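Numbering (the working numbering), first residue to last: 50 to 279. Worksheet: the structure to be examined is printed underneath.
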Amino acid sequence: MLTLAARRMGYRVHVFSPDTDSPAGRIANREWGAPYDDLEAAREFARSVDVVTLEFENIPSETVEELSSLVPVRPGQRALRTTQNRLREKEFLRGAGFPVAAFRGVPDRASLDAAIEEVGVPAVLKTAGFGYDGKGQTGISTAEDADTAWETLGDEAVLEAWVDFELELSVVAARGLDGSFAHYGAVRNTHDRHILDLTVAPSGVPPGVEDEAVRITAGIFEELDVVGTA
């Protein structure tokens, strides 16, 4: 969608992706096919563009640092570092006063029992890093599930209290270098087997709910000094 919008506005778009023939690559002016950790390819890519934006958060920080040394990267490294790790992300939200479910970091199996006692059950154990679209998480119904849950993930994790939610909303927004903020309203998401299947706009939620979602989004963008679209 970003590529389509940019092309309509007259921008030339280059896409860097490990997957050749990607959806965005098909309509871009040029597609670069290389792993995200290929620094030489990343440098060559950066020399061909004026600015870089990120489509999702699971990009090696070393690659982003290399790109940043050559061209502006938006959103910046602080936003990327925060959002690519679930524990850092939740600690940021809590520290900045945004609503977040009860959670506790679980660096190893020995910490999981104490985390369950503190957070309670039911809960969800999630990998701290490289979780995306329902991946890297498993439910815990009772304390007896701890061994199985840890064996399923087997890495640094975060335990999050189960939230009996009614629906999921997302807000796509943009922020300028001058702090100006624009948004596209809240959209409602539905999932199939934990993977996003359908997004509906407008969301159909009461105006007060949508206003609160937009307010939180604007606050997060400001706290992280986000520039660009996310």
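Backbone N, C-alpha and C define an ideal beta-carbon position, used for all residues, glycine too. A quick note: this is a predicted structure, and the numbers were derived from the prediction, not measured.
{"Check": "Helix, strand or coil at Arg96 according to DSSP, with G and I counted as helix", "Outcome": "helix"}
{"Check": "Identity of the residue in Val249, Gly228 and Ala177 nearest Val236 by Cα", "Outcome": "Val249"}
{"Check": "Assumed close pair Thr132, Glu106 - CB separation to whole angstroms, cut-off 8 Å", "Outcome": "5 Å"}
{"Check": "Three-way DSSP call (helix, strand, coil) for Glu209 in this model", "Outcome": "strand"}
{"Check": "Cβ-Cβ distance between Thr176 and Leu208 below 8 Å", "Outcome": "no"}
{"Check": "Three CB pairs or more closer than 8 Å across the stretch 108-123 and the stretch 242-259", "Outcome": "no"}
{"Check": "Rounded distance between the beta-carbons of Ser66 and Gly82, thought under 8 Å", "Outcome": "7 Å"}
{"Check": "Distance CB(Leu174)-CB(Val155) smaller than 8 Å", "Outcome": "yes"}
{"Check": "C-alpha distance - Gly257 paired with Leu273, whole-angstrom precision", "Outcome": "24 Å"}
{"Check": "Neighbour-count burial assignment, Asp227, 16 or more Cβ in a 10 Å radius", "Outcome": "exposed"}
{"Check": "Boundaries (first-last residue) of the alpha helix (DSSP H) holding Ser66", "Outcome": "Ser66 -> not in any alpha helix (DSSP H); beta strand (DSSP E) instead, spanning His63 to Ser66."}
{"Check": "Bounding residues of the alpha helix (DSSP H) (the contiguous stretch that carries Gln126)", "Outcome": "Gln126 to Thr132"}
{"Check": "Proximity winner among Arg158, Leu218 and Arg224, relative to Glu205 (alpha-carbon distances)", "Outcome": "Arg158"}
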